[in-house]
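J.: The structure's right below; bear with me while I get my questions together.
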Amino acid sequence: VPTHNSDIKVASKENSPVPPYTPVPNDTKSEQQTLENCSSDGESFKYEFENGHRTGSNWGAFVNIVCVVAGTGVLQLPYALSESGWLGVILMFISGIVGVYSGTILIRCLYYDRTKRLSSYPEVGEAAFGKIGLYVTYFFHYLYILGTVCIYIILAGENIDGLLVQVDVNLGSKVTQLIVAVVMWLPFVVMKSMREVAILALFGLLATVVVVGVAVVDGFVELAAVHAQNDITYRVLHITTLPSAIASISFAFSGTVVYPHVEASMKRPKDWPKVLTVGMISITVMYLLTAVCGYAVYGNTTVSPILSNLPNGVPKTIALILISLHVILAAPIMLTTFALEIEKSARVTEERLGRVKEFVVRFAFRSIVVAGLYGISIAIPYFSDVLNLVGALSTCMVFFIFPLVWYVKLFGFRILNWRERILGVIILILGVVGLIIGSVQAIQGLVKHINEGNTSAPAHH
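Residue numbers (UniProt numbering): 1 to 461.
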């Protein structure tokens, strides 16, 4: 169960722990010894929480990783495969590997100076590049979190609107998005810390697994009918829209901004690499099932989100309800990460302001955040375009580029063995292509739909 950095009190320097992931250049044995120096019960980590110690289980960390990472991005992946061609499957495998590698080296960076643990994603940027690194990281970090919640509001609002239309209730997407925003707002303003909202992650995980199952099974059930009614074609590689596919895939795999908070909660923090690996394997399997099935069935007719391809019926209704439930439950987790960091910087604490004033300030700030995100969501209600833009502008940086660059800056280039250097080149190429060209393509698509004035926000071909 993740606990935010504001709940952490770092021990004095004299009693500082041996960091669990601080590597020694070109010395695998030394690094392994460093890992083994960490006690199995976590007592060598003197980071105290409100309830005394790190108490989160490996299972709790796994659930949070899968819930935060495996969300709306899965619905875009069949369409991403149609943009990249079948070779996009290789991109997904690579992204799964990058997810494990980036998440592991990011946590190593938290312990880089062997005296204290950095507590958040932006603090690593500051450690690597000073105040400039901090501010640049904050920009992309918050763009990712807030952009993701906008996507959640758009998607859940569209889903609920579509379900209500089936029973002759026409509220319109703006009203249903308002309902979604209010439901997200309630736990966000009432629950103060990550620990309190973490139970929501379990429901989100279950919802995602069921949605993937429905999409795969229902898709293959429709395989014969779809191919009989349409001239389905496929591509092996589609260079023109490959950058957009990279942006979509990076969005689907990115969860790095939350990892420091998840790892901070673990009773056995030295198990982080194993937990992350199992989590990323699970996510990659779900993604490949959905993407390959969706593209195999619908080919060039694939749209985003993939649920729009499925025929109306009980399975689709279940999937729409569950994915809506998932994003509504995941949003408070994402927003709480953002809010706690801002509130910490602004010194919004009970000790400084008192219990009542602290609650009022926190309530007002968090309410303004949700209201602003709702305004953006109804202004540009285009799921696929917004997801591509957020993926290109933010996750290509926070997922591909930042962790690797910080790692090399903090530990030196010699820390990378030859395999890591090859992987590093691949990571940087994917990140830069997705960031620059993917952003241009996403903006072009968004401008096109805005100019068309199509505020119904249809599924995008």
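All residues carry an ideal CB built from backbone N, CA and C; glycine is no exception.
If distances are taken between C-alpha atoms only, which option among Val370, Val390, Val63 and Ser57 comes closest to Ser282?
T.: Val63
J.: Using only alpha-carbon positions, find the residue among Pro332, Leu242, Leu178 and Val390 that is nearest to Gly147.
T.: When only C-alpha atoms are compared, the closest one is Val390.
J.: In this structure, does DSSP put Ser304 in helix, strand or coil?
T.: strand
J.: The alpha helix (DSSP H) that contains Val98, what's its start and end?
T.: Gly88 to Leu110
J.: Of the residues Tyr407, Gly204, Trp59 and Val226, which one's Cα is nearest the Cα of Tyr298?
T.: If we check each option's Cα against that of Tyr298, Val226 comes out closest.
J.: Pick helix, strand or coil for Met280, following the three-state DSSP scheme.
T.: helix
J.: Below 8 Å, can you find three or more Cβ-Cβ pairs linking the segment 116-136 to the segment 285-296?
T.: no
J.: When the Cβ atoms of the segment 360-370 are set against those of the segment 390-399, are three or more pairs found closer than 8 Å?
T.: no
J.: Tell me, to the nearest whole angstrom, how far the beta carbon of Val262 is from that of Ile105; I am working on the premise that it is less than 8 Å.
T.: Wrong, their Cβ atoms sit about 15 Å apart, outside the cutoff.
J.: Pick from Leu416, Ile145 and Phe383: whose alpha carbon is nearest that of Ile443?
T.: Phe383
J.: Examine the Cβ distances between the segment 300-315 and the segment 76-84 and report whether three or more of them are shorter than 8 Å.
T.: yes
J.: Comparing alpha-carbon positions, which option in Pro273, Leu164 and Glu358 lies nearest Leu320?
T.: Nearest of Pro273, Leu164 and Glu358 to Leu320, Cα basis: Leu164.
J.: Near Pro318, which residues of its chain fall below 8 Å by C-beta distance, leaving aside the five closest residues on each side in sequence?
T.: Residue identity check: residue 318 is Ile in the sequence provided, not Pro. Excluding sequence neighbours, Ile318 sits near Val210 and Val214.
J.: Once DSSP output is grouped into helix, strand and coil, what is the label at Gly56?
T.: strand
J.: Taking the alpha carbon of Cys109 as the reference point, which residue from His141, Ile450, Ile436 and Val405 has its own alpha carbon closest?
T.: Val405
J.: In this structure, how does DSSP classify Glu196 when only helix, strand and coil are distinguished?
T.: Below a pLDDT of 50, predicted positions are generally treated as unreliable, and Glu196, at 47, falls in that range; the measurement from the model is reported next regardless. Reduced to three states, the DSSP call for Glu196 is helix.
J.: Could you name the residues of the same chain whose beta carbon sits closer than 8 Å to that of Gly172, not counting the 5 residues immediately before and after it, in chain order?
T.: Counting only Cβ-Cβ distances below 8 Å, and skipping sequence neighbours, we find Asp161.
J.: So which of Leu416, Tyr407, Asn388 and Glu420 has the shortest CA-CA distance to Val447?
T.: Asn388
J.: Can you give me the start and stop residues for the alpha helix (DSSP H) that Phe253 sits inside?
T.: Leu242 to Phe253
J.: Opposite Met266 in the DSSP bridges: which residues?
T.: Gly56
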